[in-house]
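What follows is a single structure, written as structure tokens, with notes after it.
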Amino acid sequence: IAKEVKDALSSSSLIRKMFEEGAALKKIHGAENIFDFSLGNPDLSPPPAFHKTLLELVNEETPGVHGYMPNAGYPETRAAIAEKVSAEHGVLIDSSHVIMSVGAAGALNTVFKAILNPADEVIVNKPYFMEYRAYAKNHRGNIIEVETEDDFNLNLEGIRSALSNETAAVLINSPNNPTGRVYTSETLKALSAILSLHGEKTGRYPYLIADEPYREIVFNGIKTAPVLNAYKNSIVVSSYSKSLSLAGERIGYIALSPDADEAALLAEALIYATRVLGFVNAPALMQRCVERLTKETVNIAVYRERRDAFKQVLDAVDIHYAEPEGAFYIFAKVPHRKGRAAQETDAGEDDLAFCEHLKKYLILGVPGAGFGKKGWMRFAYCVNDKLIKASADAFKKALAAWRGEMIR
Ligand code: PLP
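Everything in the sequence shown is counted per our numbering, starting at 15 for the first residue and increasing by one.
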């Protein structure tokens with residue numbers, strides 16, 4: 015076994031251990047009695063139009079439909095997605111700017127393979143989806159972490175000072191996992207200005223990669239800002255894992271700004287990377303499905319209701335959290351513990367202990383350390399609302415014990 019993989023296995027064992035313990039708790043107490051908010055696996059069924067389309071496609075006998083296809087995907091699917099992305103990003107793209115991918119994870123690996131030279135840097139904003147580290151490493155790139163602002167918005171000055179001659183890309187994720195933050199158009203324009211200035215000075219315009227599998231999951235009139243019209247060297251990676259609840263089907267796409275430097279060569283590089291990474295092409299049946307479903311999503315209102323229910327649970331025990339504007343996560347600050355100085359908790363040492371403590375009350379979440387942010391915890395509310403409401407009592411008891419209070 016490769017040393018790098020062995021090392022990765024031992025360093026990720028904490029989260030693995032948590033999953034194993036969660037599974038063991040479910041065996042003992044029954045899954046319905048465990049308040050499992052640890053996984054970002056959408057529980058909503060795909061919309062009815064998905065099942066209808068799937069059945070129609072399965073019943074069509076089109077010759078050659080199970081064979082190889084162009085590595086970039088079916089031309090008609092790429093064209094349908096180009097139309098959707100054009101509307102979302104305020105810029106006219108066509109099928110040549112879209113490459114179908116094996117989810118957003120496959121898309122990110124494809125992009126990194128296509129753009130990274132050894133020791134090139136990818137700037138990410140902390141807290142972040144930790145798989146980015148492994149994906150960059152797969153392609154000999156280095157992750158450079160920049161702290162976000164206190165409200166988890168992008169720290170533009172931090173990004174500016176992290177830029178170097180080695181910067182190949184800045185990677186953003188909005189709506190954000192784990193914070194639920196959605197960046198505004200103004201923020202993205204300001205980021206674009208910083209990247210353009212850096213490009214003018216150094217001759218190397220970093221890519222702006224927008225990882226947006228949660229684009230459609232936004233609440234209370236908030237809109238996910240366009241990226242492709244904000245900066246010339248921008249690349250969107252996305253998937254239907256969350257918006258259509260198709261995470262297991264592994265279907266996503268990459269969309270390029272038509273104004274990117276050498277856009278045609280970049281598209282060729284991405285198509286080559288798709289092929290040689292062994293994906294060859296994105297799943298055929300799912301391509302044909304999503305082509306007909308570009309206007310569909312799961313019922314977003316359900317996630318909003320769950321978010322509100324979860325906020326109520328946390329408010330009742332006085333846990334501070336970042337107001338979630340999108341995605342289906344709530345990022346909560348570990349509260350002060352009995353007998354511990356406030357500064358100690360503020361230094362962020364207690365998320366692992368708090369996570370362990372909650373487990374005693376059958377509540378599961380992910381420590382902030384799993385996203386590079388100690389002192390915080392992520393709860394995923396892509397679970398049935400009854401479970402969220404039923405967790406209120408367990409939270410109450412858990413917090414009273416944590417704070418050393420008497421329960422009246
Ligand atoms: N990016 C972020 C921020 C995610 O949270 C996830 C999955 O949870 C992914 C990418 C990977 O998504 P996919 O299932 O489309 O590969």
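Glycine is no exception: its CB is placed at the ideal position from the N, C-alpha and C atoms.
8 Å or more divides the Cβ of L280 from the Cβ of V105.
Within the same chain, Q301 come within 6 Å of Y88 by CB-CB distance, once the 5 residues on both sides are set aside. The alpha helix (DSSP H) runs lying completely inside the segment 214 to 297 and spanning 4 residues or more are 277 to 290, given in chain order. If only complete runs of 4 or more residues are kept, the segment 310 to 368 shows the alpha helix (DSSP H) at 314 to 330 and 356 to 360, in order along the chain. Only residues of its own chain outside the window of five on either side were considered, and among them P141, P192, F345, V348, G362, D365, K388, G389, W390, M391 and R392 have a CB closer than 8 Å to the CB of G382, listed in chain order.
Taken through DSSP and simplified to helix, strand or coil, I129 comes out as helix. Around the beta-carbon of V250, 16 or more other beta-carbon atoms lie within 10 Å, marking it buried. When secondary structure is reduced to three states using DSSP, E163 falls in the coil class, being assigned neither helix nor strand. Around the beta carbon of R154, fewer than 16 other beta carbons lie within 10 angstroms, which makes this residue exposed. A straight line joining the alpha-carbon of F143 with that of E74 spans about 39 Å. If you look at R306, you'll find it isn't in any beta strand (DSSP E); DSSP assigns it neither H nor E. For I107, there is no enclosing alpha helix (DSSP H), as DSSP marks it with neither H nor E. In the three-state reduction of the DSSP assignment, K373 falls in the helix class, which pools H, G and I. The beta carbon of R417 sits closer than 8 Å to the beta carbons of P349, H350, R351 and K352 from its chain, once the five residues preceding and following it are set aside; these are given in chain order.
Taken from the Cβ of A224, every heavy atom of ligand 1 lies 7 Å or farther away. Following the DSSP letters along the chain, one finds V196 in no beta strand (DSSP E), marked with neither H nor E. Relative to ligand 1, the nearest heavy atom lies less than 7 Å away from the CB of G54. By the beta-carbon neighbour count (other beta carbons within 10 angstroms, threshold 16), E35 is exposed. I231 is a Cβ neighbour of A341, given a cutoff of 8 Å. Under a 10 Å Cβ-count criterion, G54 is classified as buried, with 16 or more other Cβ atoms of the shown protein chains found around its own Cβ. With respect to the 8 Å criterion, P60 and V294 are not classified as neighbours on the basis of their beta carbons. Residue pairing by DSSP places I186 opposite A224 in a beta bridge. For S253, the CB falls within less than 7 Å of some heavy atom of ligand 1. In the three-state reduction of the DSSP assignment, N47 falls in the helix class. Under DSSP, I137 shares a beta bridge with I158 and V184. Close CB contacts of A408 within its chain, under the 7 Å cut and outside five residues either way in sequence, are with F49, Y375, L376 and I377 (chain order).
Here I113 is buried: its Cβ has 16 or more other Cβ atoms, across all protein chains shown, within 10 Å. In this structure, the beta-carbon distance from A16 to K127 does not fall below 8 Å. Where A63 is concerned, the enclosing alpha helix (DSSP H) starts and stops at P62 to N73. Contact fails between the segment 314 to 333 and the segment 84 to 104, because fewer than three Cβ pairs, one in each stretch, are under 8 Å apart.
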